[in-house]
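Asks:
In structure tokens:
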């Protein structure tokens, strides 16, 4: 199943096959017991969940065998309960562009890009988790909202907290490196600098009465013992390699200090030896040097070679100099080099001990990292809410989604020629549970329905939302069917992808879900597409235990007739202002359907050549008049032989019956007199009667 879901070459996901015994429940539980405490296993009831135990044990075994380590940095075992979160599947995340744009797969242009003002890597990861798994319990959502609101309202707190958080390194990654035994001196310095910021962060939240913020404040452990250990033991600017020395401070270990003294005193000893040998030999250019190949040496220029004493032994000949050694320098070399080697070994042993002592406190560090990550994510949401003028939504378990002056959080940040036009939304499970939205392409239907879904997702994340006012009755799942794209890697056409996504919605949606559908049926012929769209709409409306709150954007204007027979269906359209043969998109959602698509006007806006536009108008007039050729096809190509109709498809023209239905739909009964109404009905009957004559 996984291999089918993630075929080779698709994205960055990779699926590895393992032997079946990895999933043996008894063996899995044994592995879990080795890695987690009895309390942790009992807390999630793993003994009574053999399938969950097998899955967790298989993953843990695979990681242990590939990483070759105990993985003691792993936190407590947690049981994932889908019902505890708003479920947003990968299709919905992609269609709503939660983390990446559909067209280019870029972070910029996504919801996450707008909301992510975190200043630490772990804060960014926490915010991403929140958006992946929003909440469904209103009390928990309101708790998070209260924390965001507190930080937003207190400007100085928000500024100082974000500044202090910015000085904290990635404690989660640092803790993992320490626990896995791969942290170096620079990692410990980063840990030290981070721990120094924690008292300031706690102090900023000292007077907060918001329960979530108070709890996070108490969860920030300054770890003074660890801070003191690192500050006393590790130099400020250690090298990357821990085996080369230069990592441990002088004064930390007496035995190491003695070796430091030998190295430090050696420099002055060499200076004294150099001066003594110059005096003894009379060679004023003589110098003492060192390299890693020959060790210490006495260097004399060739011009002074005859003045070299008999106790000098030649070690190396250069072009312009000779290098020697004598007994005194040889004895010192042994002492110094041996001391250097012992110092490096001693530093390495001490560093391992220090790292192990820190690793013993890994649980404290992880709890602190989690608190810092959550504070950073909350501060990010507060910063975005203040910067972009978001409101705090009312969140409850009722069935109403009401948004006043809602805005698309991403589109409103883009710099268009025109300002973003806010829109209202009302969805419930009674009179407003199925909204059919019509209007021309490019008018903003897709933006609007995405906007509603994103506002709901943001609200259940605990974020404030882009609206003047909002009330969100929590939903259990968000389903989307938006856009059209082939999946060549899976051998699926545009229409097959569309139908797969639609089928998943029809099978899995519940009464508490939010469904967003855009142009269902677009990927096939007109009549097939209309038929499918109509049937899907009826099923979503009528199916037992479904009737979910639904936004259905479509170019099939016939779907507006659903409101005539289905309770709870409302028609809306995107307002358009006509100016001669041109149109202006007002971007405003207004109640009522529309039977015009303005396709030719949209084509002109898109830059289609004038001659094509003119020809399109001519063809459209023929279709609207029902002007037919000798075999019953519309006269689309004057002077050319008409194409033979396909017996398997209906002709695409407006016949007399459709014309009458269209006129009937447009009649305003409120302004007709009884006589005018009778005359109209008589005229229609006469036209239909002529059509039926042989």
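Residue numbers (the working numbering): 2 to 695. Quick reminder that beta carbons are idealized off the backbone N, C-alpha and C, glycines included. Computed from a prediction, not measured in an experiment: that's the story for all the values here.
Is residue 408 helix, strand or coil when you go by DSSP?
Replies: Within the chain shown, the letter at position 407 stands for residue 408. Residue state, collapsed to three classes: coil.
Asks: Can you check the region 357-425 for any alpha helix (DSSP H) of at least 4 residues that lies completely inside it and give the ranges in chain order?
Replies: 363-389
Asks: Would you mind giving the Cβ-Cβ distance between residue 385 and residue 115, rounded to the nearest angstrom? I have them listed as a contact below 8 Å.
Replies: The residue labelled residue 385 in the question sits at position 384 within the chain shown. The residue labelled residue 115 in the question sits at position 114 within the chain shown. With 8 Å as the limit, residue 385 and residue 115 qualify as a contact, their Cβ atoms being about 7 Å apart.
Asks: Taking Cβ positions, are residue 512 and residue 569 nearer each other than 7 Å?
Replies: On the chain shown, position 511 is the one that residue 512 refers to. On the chain shown, position 568 is the one that residue 569 refers to. Contact flag unset, no.
Asks: Report buried or exposed for residue 436, applying the criterion of at least 16 other Cβ atoms within 10 angstroms of its Cβ.
Replies: The residue labelled residue 436 in the question sits at position 435 within the chain shown. Buried: at least 16 other Cβ atoms inside 10 Å.
Asks: Which word fits residue 522, buried or exposed, when buried means at least 16 other C-beta atoms lie within 10 angstroms of its C-beta?
Replies: Residue mapping note: residue 522 aligns to position 521 of the chain shown, counting from 1. Per the 10 Å Cβ criterion, buried.
Asks: Quick check: what's the CA-CA separation for residue 641 versus residue 552?
Replies: Counting from one through the chain shown, the residue named residue 641 turns up at place 640. Counting from one through the chain shown, the residue named residue 552 turns up at place 551. Any reading at residue 641 is ruled out, since the residue's pLDDT is 39, under 50, leaving its predicted position unreliable.
Asks: Please classify residue 148 as buried or exposed, where buried requires at least 16 other C-beta atoms within 10 Å of its C-beta.
Replies: Numbered from its first residue, the chain shown carries residue 148 at position 147. Under this definition residue 148 is a buried residue.
Asks: DSSP three-state label for residue 349, please.
Replies: Position 348 of the chain shown holds residue 349. Residue state, collapsed to three classes: helix.
Asks: Quick check: what's the CA-CA separation for residue 273 versus residue 238?
Replies: Translated into positions along the chain shown, residue 273 becomes position 272. Translated into positions along the chain shown, residue 238 becomes position 237. In a straight line, the C-alpha of residue 273 is about 31 Å away from that of residue 238.
Asks: Please go through the same chain and pick out, in chain order, the residues whose beta-carbon is closer than 7 Å to the beta-carbon of residue 200, but skip the five residues on each side of it.
Replies: Within the chain shown, the letter at position 199 stands for residue 200. In the same chain as residue 200, and ignoring 5 residues on each side of it, the C-beta atoms closer than 7 Å to its own belong to 223, in chain order.
Asks: Can you find the residues in the same chain that come closer than 8 Å, C-beta to C-beta, to residue 317, ignoring five residues on each side of it along the sequence?
Replies: Here residue 317 is taken as the residue at index 316 of the chain shown, counted from 1. Here the set comprises 295, 298, 323 and 324.
Asks: Pull up the DSSP beta-bridge partners for residue 515, would you.
Replies: One-based indexing of the chain shown puts residue 515 at position 514. Looking at the DSSP assignment, residue 515 forms a beta bridge with 479 and 550.
Asks: Give a yes or no on contact between the region 238-254 and the region 274-287, applying the rule of three or more CB pairs nearer than 8 Å.
Replies: By the C-beta criterion, the region 238-254 is judged not to be in contact with the region 274-287, since fewer than 3 inter-stretch pairs fall below 8 Å.
Asks: Taking just the CA atoms, how far does residue 411 sit from residue 214?
Replies: Within the chain shown, the letter at position 213 stands for residue 214. Within the chain shown, the letter at position 410 stands for residue 411. Approximately 28 Å, taken between the alpha carbons.
Asks: Taking the alpha-carbon positions, what's the residue 682 to residue 562 distance?
Replies: By one-based count along the chain shown, residue 682 stands at place 681. By one-based count along the chain shown, residue 562 stands at place 561. Looking at the two C-alpha atoms, the distance is approximately 21 Å.
Asks: Does the Cβ-Cβ distance between residue 119 and residue 381 come in under 7 Å?
Replies: Within the chain shown, the letter at position 118 stands for residue 119. Within the chain shown, the letter at position 380 stands for residue 381. Cβ distance < 7 Å, so residue 119 and residue 381 count as in contact.
Asks: Tell me residue 439's beta-bridge partners as DSSP assigns them.
Replies: Walking along the chain shown from the start, residue 439 turns up at place 438. BP columns for residue 439 point to 574.
Asks: Does the region 500-519 come within contact of the region 440-456, defined as at least 3 CB pairs closer than 8 Å?
Replies: Between the region 500-519 and the region 440-456, the count of C-beta pairs closer than 8 Å reaches three or more; the two stretches touch.
Asks: Quick check: the Cα distance between residue 203 and residue 446, rounded to an integer number of angstroms?
Replies: Locating residue 203 in the chain shown gives position 202, counting from the first residue. Locating residue 446 in the chain shown gives position 445, counting from the first residue. Cα to Cα, the separation comes out at about 47 Å.
Asks: Any idea which residues DSSP pairs residue 318 with across the strands?
Replies: As a working note, residue 318 is residue 317 in the chain shown. Note: residue 318 sits in a beta bridge opposite 323.
Asks: Could you tell me the boundaries of the beta strand (DSSP E) in which residue 289 lies?
Replies: Reading the chain shown from its first residue, position 288 is the one you call residue 289. Residue 289 -> beta strand (DSSP E) spans 288-292.
Asks: Over what stretch of residues does the alpha helix (DSSP H) that includes residue 124 continue unbroken?
Replies: For the purposes of this step, residue 124 is identified with residue 123 of the chain shown, where counting begins at 1. It spans 122-133 - the alpha helix (DSSP H) in which residue 124 sits, taken as one unbroken run.
Asks: The beta strand (DSSP E) with residue 473 in it runs from where to where?
Replies: Along the chain shown, one-based indexing puts residue 473 at 472. Residue 473 -> beta strand (DSSP E) spans 470-474.
Asks: Check the C-beta distance from residue 575 over to residue 590 and give it rounded, since I have them as a contact under 8 Å.
Replies: Working through the chain shown from its first residue, we reach residue 575 at position 574. Working through the chain shown from its first residue, we reach residue 590 at position 589. Right, the Cβ-Cβ distance comes to about 6 Å (below 8 Å), so this counts as a contact.
Asks: Where DSSP assigns a beta bridge to residue 298, which residues make up the other side?
Replies: For the purposes of this step, residue 298 is taken as the residue at position 297 of the chain shown. For residue 298, which the question treats as bridged, DSSP gives the partners 290.
Asks: Spatial neighbours of residue 169 within its chain, please: CB distance less than 7 Å, with the 5 preceding and 5 following residues excluded, ordered by chain position.
Replies: Looking up residue 169 in the chain shown gives position 168. Contacts found: 121, 195, 198 and 373.
Asks: From residue 266 to residue 289, what distance separates their C-alpha atoms?
Replies: Start at 1 with the first residue of the chain shown, and residue 266 comes out as number 265. Start at 1 with the first residue of the chain shown, and residue 289 comes out as number 288. In a straight line, the C-alpha of residue 266 is about 15 Å away from that of residue 289.
Asks: For residue 260, list the residues DSSP reports as bridge partners.
Replies: The residue labelled residue 260 in the question sits at position 259 within the chain shown. Beta-bridge pairing links residue 260 to no other residue.
Asks: Just the Cα atoms here: how many angstroms apart are residue 414 and residue 109?
Replies: Stepping through the chain shown from its first residue, residue 414 is reached at position 413. Stepping through the chain shown from its first residue, residue 109 is reached at position 108. Roughly 11 Å between the two C-alpha positions.
Asks: Using only CA atoms, which one of 19, 52 and 58 lies nearest to residue 35?
Replies: Counted from its first residue, the chain shown places residue 35 at position 34. Answer by Cα proximity: 58.
Asks: Check whether the Cβ atoms of residue 217 and residue 375 lie closer than 7 Å to each other.
Replies: Sequence index remark: in the chain shown, residue 217 carries index 216 (1-based). Sequence index remark: in the chain shown, residue 375 carries index 374 (1-based). Their beta carbons are under 7 Å apart, which means residue 217 touches residue 375 by this criterion.
Asks: Distance check for residue 219 and residue 81, CA to CA, integer angstroms please.
Replies: In the chain shown, the residue the question calls residue 81 occupies position 80. In the chain shown, the residue the question calls residue 219 occupies position 218. So the alpha carbons of these two residues sit roughly 26 Å apart.
Asks: Between the beta-carbon of residue 87 and the beta-carbon of residue 137, is there less than 7 Å?
Replies: Position 86 of the chain shown, counted from the first residue, corresponds to residue 87. Position 136 of the chain shown, counted from the first residue, corresponds to residue 137. Taking 7 Å as the cut-off, the beta carbon of residue 87 is found closer than this to the beta carbon of residue 137.
Asks: Please name the residue or residues paired with residue 586 in a DSSP beta bridge.
Replies: The count along the chain shown starts at 1 and reaches residue 586 at position 585. Answer by DSSP bridge pairing, in chain order: 577.
Asks: By Cβ distance, which residues of its chain are closer than 6 Å to residue 686, with the 5 residues on each side in sequence left out?
Replies: For this step, residue 686 is matched to residue 685 along the chain shown. Nothing listed; no residue qualifies.
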